[in-house]
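Protein chains in written order, with the numbering used here: chain A, 520 to 692; chain B, 992 to 1266.
Structure, rendered in structure tokens:
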């Protein structure tokens, strides 16, 4: 329990720093693709995280990003929404006899199909909200939409890559 | 009453979601519209330090280019100085007609910045202790960079030219007509020039400079060159695209412009504004 919490705190700090120091400064496809890997923290929370904790952690994660990007509320609202969508998706995708408490929401434990459904719903909710709040208006809807979807694909790819690279995560704990 | 409590208890997660959402929307609207969320910004001390460290590491990669550009800027400055006595028609650009210095340039180091978001911000490694105040203009070695939005003792946060909230008055150098520079292209190297009437002759290649009538930027600072004039027959104004001369993804050192006569001018104008 303590180890899990410590691991989560480390993941939180590492992902936020990684996002603010490295990924935010990438200039991919002339600004059309901005991966937000830091949301991986919310996707990978344990299954037995209480709903209230998921929501509060989402808000805290967003606020941490907002401190770096000077955009009060922007990431916070996107991550709160994402935490809410996570609760919905967990209920929607639940196995008949509930989640195995030994498993975590990662590819190695849940399978590729389950993971992609779960992660892409969360990432899309986050990115669509974030990109539309960022422009603050709905004219040139198609271009903002396309930016959000392309970035979401990049984020999903990075989430898969991050798991492929960390062999330790594949072991059942 | 007990039903009410039971309702609240059953809905506690949805209510928590709504409360957190409301809080972040409040921050979003307050922070961006009134530009007042001082605590939540990259000009605060901790985040500023982190970005300084990051910049120290990342800086080495671009040092050669920075050196070349600084040398070029110095050379241009020297050329200007030595050519001045030959140009009897114009005073140096940073003095007024009486020869009094009207602008002071504060050198600042860019420690963080983005160019690919819808609104981009730049953090400078100097703040109020160096004399930087909000609403001062920021220019790079080759052109316009942005306007100071917030300052802390050691850092300053700059609203970049690359943002849909940025607007400044600029002038077509050849014809002298004023227009408004906005960034709505999404391309870090291009901006739009609006409010230039159809009768003004504009052609690609024309130079765009600052207007100098807003008390933020000095006049005749290079902004960019016209790349494309696209006229909509139903509009009375040109649709002009401008290539920005400053490469904001590479700006390493910038000058913050302190208008020394701003206080005097504002006092004078405030007298008229009062009833």
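Beta carbons: idealized from backbone N, C-alpha and C, even for Gly. Note that the structure is predicted; figures quoted are calculated from it, not measured.
Any chain A beta carbon closer than 8 Å to residue i
i, result
"residue 1051/B", "no"
"residue 1145/B", "no"
"residue 1025/B", "Because residue 1025/B sits at a pLDDT of 41, beneath the cut-off of 50, its placement in the model cannot be relied upon, and the following sentence gives the value as read from the coordinates. No - not a single Cβ of chain A is within 8 Å of the one on residue 1025/B."
"residue 1018/B", "yes"
"residue 1218/B", "no"
"residue 1028/B", "Bear in mind that the predicted position of residue 1028/B carries a pLDDT of just 44, short of 50, making it unreliable; the figure below should be weighed with that in mind. By this cut-off, residue 1028/B is an interface position."
"residue 1127/B", "no"
"residue 1081/B", "With a pLDDT of 46 at residue 1081/B, under the threshold of 50, the modelled position of that residue is not reliable, and no figure is offered here."
"residue 1008/B", "yes"
"residue 1189/B", "no"
"residue 1108/B", "yes"
"residue 1011/B", "yes"
"residue 1159/B", "no"
"residue 1105/B", "yes"
"residue 1015/B", "yes"
"residue 998/B", "no"
"residue 1038/B", "yes"
Separation of residue j from residue i, as counted between CA atoms
i, j, result
"residue 648/A", "residue 597/A", "6 Å"
"residue 1051/B", "residue 1112/B", "22 Å"
"residue 1223/B", "residue 1188/B", "12 Å"
"residue 609/A", "residue 662/A", "31 Å"
"residue 1117/B", "residue 1100/B", "7 Å"
"residue 1133/B", "residue 1019/B", "34 Å"
"residue 1249/B", "residue 577/A", "42 Å"
"residue 1148/B", "residue 562/A", "32 Å"
"residue 1156/B", "residue 678/A", "33 Å"
"residue 645/A", "residue 529/A", "22 Å"
"residue 556/A", "residue 674/A", "5 Å"
"residue 1129/B", "residue 1172/B", "15 Å"
"residue 1170/B", "residue 1098/B", "28 Å"
"residue 641/A", "residue 1126/B", "39 Å"
"residue 1140/B", "residue 1146/B", "11 Å"
"residue 638/A", "residue 1243/B", "38 Å"
"residue 1208/B", "residue 535/A", "36 Å"
"residue 1119/B", "residue 1102/B", "16 Å"
"residue 1167/B", "residue 1199/B", "10 Å"
"residue 1063/B", "residue 580/A", "44 Å"
Host alpha helix (DSSP H) of residue i (start-end)
i, result
"residue 982/B", "There is simply no residue 982/B to check, as chain B begins at 992 and stops at 1266 in what is shown."
"residue 526/A", "521 to 540"
"residue 997/B", "993 to 1001"
"residue 668/A", "660 to 684"
"residue 721/A", "Since the first residue shown for chain A is 520 and the last is 692, residue 721/A is missing from the structure and cannot be characterised."
Chain B within 8 Å of residue i, Cβ atoms only
i, result
"residue 543/A", "yes"
"residue 670/A", "no"
"residue 661/A", "no"
"residue 571/A", "yes"
"residue 599/A", "yes"
"residue 609/A", "no"
"residue 540/A", "yes"
"residue 559/A", "no"
"residue 595/A", "yes"
"residue 574/A", "yes"
"residue 581/A", "yes"
Residue i - containing beta strand (DSSP E), residue span
i, result
"residue 1126/B", "No beta strand (DSSP E) holds residue 1126/B; DSSP gives it neither H nor E."
"residue 1171/B", "1169 to 1173"
"residue 1262/B", "That residue, residue 1262/B, is in no beta strand (DSSP E); its alpha helix (DSSP H) goes 1253 to 1264."
"residue 1106/B", "From DSSP, residue 1106/B is part of no beta strand (DSSP E); its letter is neither H nor E."
"residue 1163/B", "1158 to 1163"
"residue 1151/B", "1147 to 1154"
"residue 1176/B", "Taken as a continuous stretch (DSSP letters only), residue 1176/B belongs to no beta strand (DSSP E), as it is neither H nor E."
"residue 1138/B", "1135 to 1142"
"residue 1201/B", "1198 to 1201"
Beta-bridge pairing of residue i - partner residues as DSSP gives them
i, result
"residue 1250/B", "1094/B"
"residue 1234/B", "1181/B, 1216/B"
"residue 1112/B", "1150/B"
"residue 1099/B", "1245/B"
"residue 553/A", "Looking at the DSSP assignment, residue 553/A forms no beta bridge with any residue, so it has no partner."
Alpha helix (DSSP H) runs contained entirely in the region 572 to 647 of chain A, provided each spans 4 or more residues: 593 to 611, 626 to 629
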